[in-house]
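Numbered continuously in the working numbering, the sequence shown closes out at residue 370.
Read through the structure below, which is laid out as structure tokens, and then see the notes.
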Amino acid sequence: RVQVDTRIAVEEMQERCQMLPNMNKKLDFILALNQENSDKLDQVLRHSAKQSAKKKHQDQKESNMEDHNIPAHQIKKQDEPFASGESSQVFKGMHGRTTVAIKEMGLKGLTLKQRTKLMNGFMKELGILA
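Structural data, given as structure tokens:
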């Protein structure tokens, strides 16, 4: 009886040992899938972070524009500009008791693409100044 039980135990152990290579293959496959999914997740997170940074930057530009936009009727502007560029002139003015710089941009005759480029440049400039 002991000899039969030992032989059965040995056979069961051999069957289990034969399963090990298949288990190793399955584990290797699962680990490879996990690494692939981890790489994809990292890629998605990097893309998301980049998009968040762009959105934050755009929101900041729009906020600067809103925060520093003063209605024309609240400003007293000098007649002559003290500086001018290709598409704008800069005047000295007063907003209440505060001396301000007033930038006037000529948008007449510009295409939508040109206007957008001009406004984006101005928002960058404002971001630097604010």
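For glycine and all other residues, C-beta sits at the position ideal for the given N, C-alpha and C.
Quick caveat, the model's predicted, so the values are computed rather than measured.
Relative to the alpha-carbon of residue i, which residue among the options has its alpha-carbon at the smallest distance?
i: His313; options: Asn274, Ile342, Glu251; result: Ile342
i: Met334; options: Lys290, Gln318, Leu267; result: Gln318
i: Ser322; options: Lys332, Ser328, Lys316, Ile315; result: Checking the displayed sequence, the identity of residue 322 turns out to be Phe instead of Ser. Of Lys332, Ser328, Lys316, Ile315, the residue nearest in Cα terms is Lys332.
i: Leu358; options: Lys316, Leu273, Glu326; result: Glu326
i: Lys364; options: Lys265, Asp299, Gly349; result: Asp299
What distance in whole Å lies between the Cβ atoms of residue j and residue i, which are believed to be in contact at a cut-off of 8 Å?
i: Arg337; j: Leu347; result: About 30 Å; that fails the 8 Å criterion.
i: Met376; j: Ser324; result: A query on residue 376 cannot be resolved here, the shown segment of the chain reaching from 241 to 370 and no further.
With DSSP as the reference, identify every bridge partner of residue i, one or two as the case may be.
i: Phe331; result: Ile342
i: Ser324; result: Gln329
i: Ile315; result: His335
Using the Cα positions of residue i and residue j, report the straight-line distance between them to the nearest angstrom.
i: Asn277; j: Gln283; result: 10 Å
i: Val340; j: Ser288; result: 39 Å
i: Lys280; j: Ala272; result: 12 Å
i: Arg256; j: Gln275; result: 28 Å
Check whether the Cβ of residue i lies closer than 8 Å to any Cβ atom in chain B.
i: Ala323; result: The structure shown contains no chain B; it holds only a single protein chain.
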